[in-house]
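Protein chains in written order, with the UniProt record's numbering: chain A, 1 to 438; chain B, 1 to 817.
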């Protein structure tokens with residue numbers, strides 16, 4: 001029985017209550033105080049997101065400058081509770097348009113109460129789909145889909161939709177120009193040893209879509225992933241074109257995707273929700289193309305001097321380039337003076353983060369760039385303590401590049417009225433946690 | 001809208017508590033109450049917002065209750081919602097005022113707009129005032145039959161709310177039956193899901209007191225209902241799917257084809273974007289295949305990828321929740337995850353709670369082939385800036401070393417840690433080296449060489465200090481300056497705050513004395529003197545004990561302090577396997593995160609009077625707690641403990657089961673009877689048992705609780721029947737013990753029992769005389785109806801009938817003797 005919450009609180013960083021909503025009576029009213037006293041104002045904060053105080057369990061997560069706290073007294077379903085919070089925040093964001101922070105909450109607290117009332121009843125999550133909720137809870141907050149007053153937009157069969165029978169798409173949508181935007185966003189996670197061997201590497205990707213389509217269209221997406229291609233070649237009884245096929249370790253889909261058809265026919269077919277949504281997520285561990293190689297050498301010369309050399313190579317296509325490259329090269333806390341030379345971009349010592357921050361706005365493919373620095377340290381009496389070197393961390397974005405090699409082969413839109421659509425596809429690879437030990 | 005809560009942020013000195021503002025509000029509301037002028041709604045809205053925001057930040061605005069109610073006559077939905085929220089919050093503490101709202105809520109429940117009907121019904125249920133429930137019954141009944149699914153959806157949960165306010169009102173109105181009807185027939189999936197949630201909760205509680213409810217609860221997991229829900233699974237919202245999957249995981253399909261059908265149907269759920277659905281599916285798969293070892297293993301392989309994806313996506317909090325589950329699975333079957341160890345490497349920026357779980361998993365999956373990589377990785381963490389993580393990593397390295405893979409290399413690494421010369425690293429390493437030496441005395445040479453160089457001044461933590469002192473005493477002959485190091489420590493006796501260290505110091509000096517008497521004599525003298533003057537009872541006692549021992553006979557003292565040491569080979573397991581199995585059964589809940597079964601952390605009062613259905617697990621709690629403590633103290637079982645457990649094993653399983661029963665204080669009485677039974681004392685006056693012509697049972701059958709629980713879980717129910725107790729039987733049944741003794745005469749042994757009159761629950765087992773085939777029985781006795789519900793599970797199906805008859809016969813004779 002997955003009760004997700006007995007009460008939900010939104011607190012600011014000081015612990016002031018912004019929103020409180022009690023769903024069940026099995027937790028007392030002074031739960032916020034317990035949370036403030038035992039978690040927020042202690043060193044416990046951040047050590048574990050699930051804590052038990054008295055007979056109650058607290059799940060909390062921080063989102064920008066707000067803590068969201070769920071309190072339960074029974075053996076609740078934690079994963080469900082956290083997912084609920086995340087989904088609820090997404091819902092709020094889609095209402096406020098972007099930011100979710102203390103100010104947004106203060107400015108919209110009535111709306112949030114309205115939503116909290118709808119999305120959970122007596123501790124059981126109800127309908128959280130923004131599409132449906134927006135039909136009857138609006139920013140202006142006056143509309144009822146059932147009211148007899150004329151509204152500017154006809155809402156056919158709203159009752160059915162409110163309770164989620166067709167969940168994600170409204171009927172009767174009309175667009176002058178039918179467009180689909182598809183973004184493949186990948187983030188590369190890397191952990192490399194100081195000797196240059198890859199300890200751990202994977203890519204988590206997601207396919208984001210924005211659909212502005214008339215009616216109830218059926219979409220079909222073809223990727224160059226292994227299972228899909230094999231299936232296709234089987235059907236057409238000819239070998240697939242030579243080219244890389246990608247093996248996806250694991251895929252998850254938006255609820256609109258027909259999973260039965262995916263499993264039997266290996267095609268991603270779906271009736272998309274209106275507007276923006278995340279179509280699928282995947283993970284890849286084999287055959288990852290790392291966009292950057294980093295070769296660090298750090299020498300400690302005596303007690304007060306260090307020599308740092310970092311070479312960064314871009315290994316993606318020469319016609320492409322990376323944007324917003326940031327390389328954080330760690331230096332000891334007692335750094336006194338640095339002199340840094342770089343072959344491109346800018347680098348300087350950042351005292352608050354104890355690192356040399358090297359920024360390169362645009363980094364073309366198949367090139368390399370180096371940083372060489374001399375670091376002088378304050379000499380300390382406690383000379384014995386050696387410096388533990390944190391890893392070099394890197395941030396970047398490479399447009400039109402996918403670390404997995406995944407490509408969209410086709411995107412077909414079919415609707416009974418047979419209109420033409422324009423499809424836009426973009427690729428981008430970002431750094432997830434890209435760490436190189438030194 | 002101006003954020004009114006701002007006023008609280010910088011309260012003006014004249015209105016510190018907002019009291020003035022509240023009375024202002026009251027005035028303004030009153031003025032608006034009767035007004036029908038245009039624009040009234042807008043000003044009302046602003047005022048309502050203020051009220052709600054005060055309410056949120058904790059200012060008591062209950063004084064404007066009547067004004068709020070007066071203003072609530074409006075057609076504006078938002079105003080209504082705010083008013084409902086306000087009323088729901090304060091009604092409980094102002095029941096008299098709440099009566100005022102009933103009228104308009106009831107009227108709204110009949111509104112032509114389904115939205116308003118639904119909202120009003122929801123608020124009506126949220127009033128939580130016991131003496132107003134009579135007003136709730138009518139609207140709820142109407143709501144359940146409403147033509148609009150939104151209203152029905154709200155009404156279904158409303159029934160559950162009513163149940164929590166007043167059980168009898170809810171049951172008298174026969175709402176559960178209505179819910180059931182709705183669940184099976186409503187076209188709207190959310191209505192179905194809400195009915196299901198409500199019914200599960202209601203019947204779950206009711207089952208303990210009403211047989212009908214118990215039957216209904218069982219019926220929920222019957223084939224037709226399960227299939228009905230499964231066939232519609234895709235219509236449900238993601239959250240409702242979790243509810244359904246959770247229910248299905250309790251269903252036990254009669255044959256393997258059905259299991260495969262269900263798994264095939266639900267396999268795509270593992271690809272769902274909602275992690276909660278994926279976890280619920282995983283639970284279902286694991287539960288379904290428990291009895292099919294090979295398929296179970298395949299399930300592990302299948303769920304690995306989705307789990308790892310969930311771990312690496314989403315916020316750290318979400319991945320923590322998932323990691324806890326992965327942790328549980330890894331601990332159950334480390335070999336299956338051995339090749340995935342790289343997924344468990346920590347990232348630099350991950351929070352502590354994630355890293356800690358990962359470290360534990362890395363430790364668990366280490367085997368011959370990956371130890372080198374894992375230990376190398378762990379050594380990286382040991383140099384981490386984050387001290388707790390560094391400590392955890394060193395402990396992990398130690399644990400792997402104790403597991404015997406490639407000890408040689410690991411010892412070298414541990415010794416390297418000591419060379420890092422960081423206080424906390426040294427401290428952790430010392431403790432580990434001590435444990436290693438106890439298990440592998442052959443390494444003493446290498447270790448001692450390094451340990452000897454450590455100055456005790458650099459070691460501050462009591463545990464580490466104690467470890468160092470232990471080694472100084474134990475290896476006094478190998479360490480040149482051991483006596484002098486000890487002497488130095490004894491000189492600082494007064495400054496030593498930890499009694500643990502002082503105790504170790506006493507023992508170490510004694511050991512050292514017998515190995516190098518001339519050098520230690522002085523130190524021993526001052527240690528004993530200091531010990532005798534010590535304020536701590538244990539330290540004082542130990543010093544006195546040593547002193548007298550030495551006085552009495554030196555060689556005896558030597559053999560007491562310096563007995564020949566055996567290498568320690570047994571590890572204390574943190575948790576008994578019963579506990580682990582229970583946690584596994586509660587997959588996808590808090591139990592997994594806390595790593596303990598739910599009865600250990602949910603409140604007693606939530607368990608209700610029928611909590612003893614948890615009996616088997618309970619028996620193990622005491623034991624477990626002790627072990628956990630012991631484990632905190634020390635990684636290794638002390639030698640004496642080990643010997644204890646060895647002797648227990650040799651003496652047979654019955655003693656073990658005794659050991660399990662003992663700690664539960666409430667079972668003291670029962671324990672006595674068990675002891676009687678073990679030694680056969682209770683049997684002396686007993687008549688010869690009636691032998692069954694068909695089936696002979698083993699009089700001295702043994703079965704430990706773990707095996708019992710395992711078997712109970714695995715086996716299907718072979719016989720389900722109702723037995724009757726004679727009136728004498730009812731009279732004799734003052735405690736479960738009476739029946740336990742009686743059944744013992746028939747060679748049916750009790751393994752656990754509990755409960756209070758009139759409800760008792762007992763678990764029995766029996767074995768065939770000629771072969772090791774077990775019969776397991778769960779027997780629930782209700783004295784008020786003199787009925788006994790008997791559930792029998794057998795290993796040998798052919799003997800099932802005979803045993804059932806025998807059990808029935810034995811039971812019916814209870815109280816006749």
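All residues carry an ideal CB built from backbone N, CA and C; glycine is no exception. All values reported here derive from a predicted model rather than from experimental measurement.
- Within the stretch 83–96 of chain A, contact with chain B at the beta-carbon level (separation under 9 angstroms) is assigned to 83, 84, 85, 86 and 87.
- Here residue 56 (chain A) really is in contact with residue 73 (chain A); their C-beta atoms are around 5 angstroms apart, less than 8 angstroms.
- Between residue 275 (chain B) and residue 247 (chain B), the C-beta gap is not smaller than 9 angstroms, which leaves the two residues out of contact.
- Not a single C-beta of chain A is nearer than 9 angstroms to the C-beta of residue 108 (chain B).
- Chain-ordered, the chain B residues with CB closer than 7 angstroms to the CB of residue 127 (chain A) read 190 and 237.
- Within the same chain, 437, 475 and 478 come within 8 angstroms of residue 444 (chain B) by CB-CB distance, once the 5 residues on both sides are set aside.
- For residue 331 (chain B), the enclosing alpha helix (DSSP H) has its first and last residue at 316–332.
- Sequence-distant Cβ neighbours of residue 483 (chain B) in its own chain, meaning closer than 8 angstroms and more than five residues away, are 476, 512, 516, 519, 520 and 523.
- Below 8 angstroms, enough C-beta pairs join the stretch 208–223 of chain A and the stretch 401–421 of chain A to call them touching: three or more.
- Counting along the chain, no beta strand (DSSP E) covers residue 407 (chain B); the unbroken alpha helix (DSSP H) around it starts and ends at 407–420.
- For residue 17 (chain A), the secondary structure class from DSSP, reduced to helix, strand or coil, is strand.
- At the C-beta level, residue 773 (chain B) and residue 805 (chain B) stay beyond 9 angstroms of one another.
- Annotation: residue 287 (chain A) is outside any beta strand (DSSP E) and is labelled neither H nor E by DSSP.
- Close CB contacts of residue 467 (chain B) within its chain, under the 6 angstroms cut and outside five residues either way in sequence, are with 430, 431 and 434 (chain order).
- Shown here, residue 143 (chain B) sits in a helix according to DSSP, grouped into three states.
- Residue 182 (chain A) places its beta carbon less than 9 angstroms from that of residue 209 (chain A).
- Distance between residue 113 (chain B) and residue 133 (chain B), taken at the CA atoms: about 24 angstroms.
- Between the stretch 314–330 of chain A and the stretch 391–411 of chain A, the count of Cβ pairs shorter than 8 angstroms is three or higher; the stretches touch.
- Contacts with chain B (Cβ-Cβ distance below 8 angstroms) from the stretch 247–272 of chain A involve 249, 250, 251, 252, 253, 254, 255, 259, 260, 262 and 263, listed in chain order.
- About 12 angstroms separates the Cβ atoms of residue 701 (chain B) and residue 746 (chain B), ruling out a contact at the 8 angstroms cut-off.
- Residue 108 (chain A) has no beta-bridge partner at all, per DSSP.
- Here the C-alpha atom of residue 293 (chain A) lies approximately 54 angstroms from the C-alpha atom of residue 30 (chain A).
- Identification of residues in the stretch 573–590 of chain B having a C-beta nearer than 7 angstroms to some C-beta of chain A yields 586, 588, 589 and 590, given in sequence order.
- Residues of the stretch 314–336 of chain B with a C-beta atom less than 8 angstroms from some C-beta of chain A are 314, 315, 316, 317, 318, 320, 321, 322, 324 and 325, listed in chain order.
- Residue 79 (chain A) counts as buried, since at least 16 other C-beta atoms from the protein chains shown sit within 10 angstroms of its C-beta.
- In the three-state reduction of the DSSP assignment, residue 346 (chain A) falls in the strand class, which pools E and B.
- Taking 9 angstroms as the CB threshold, residue 218 (chain A) stays off the interface with chain B.
- Linking residue 44 (chain B) to residue 35 (chain B) through their CA atoms gives a straight-line distance of about 10 angstroms.
- Those residues of the stretch 57–81 of chain A placed with their C-beta closer than 7 angstroms to a C-beta in chain B are 57, 61, 73, 74, 75, 76, 77, 78, 79 and 80, ordered along the chain.
- Assignment of residue 293 (chain A) by DSSP, reduced to helix, strand and coil, places it in the strand class.
- DSSP, reduced to helix, strand and coil, places residue 174 (chain B) outside both helices and strands of the structure shown, so it counts as coil.
- Beta-bridge partners assigned by DSSP to residue 152 (chain B): none are found.
- Listed in chain order, the alpha helix (DSSP H) runs fully inside the stretch 498–530 of chain B are 499–515, counting runs of at least 4 residues.
- At a cut-off of 9 angstroms between C-beta atoms, residue 16 (chain A) counts as an interface residue with respect to chain B.
- The C-alpha of residue 80 (chain B) lies about 27 angstroms from the C-alpha of residue 198 (chain B).
- Contacts with chain A at 9 angstroms (Cβ-Cβ) include residue 81 (chain B).
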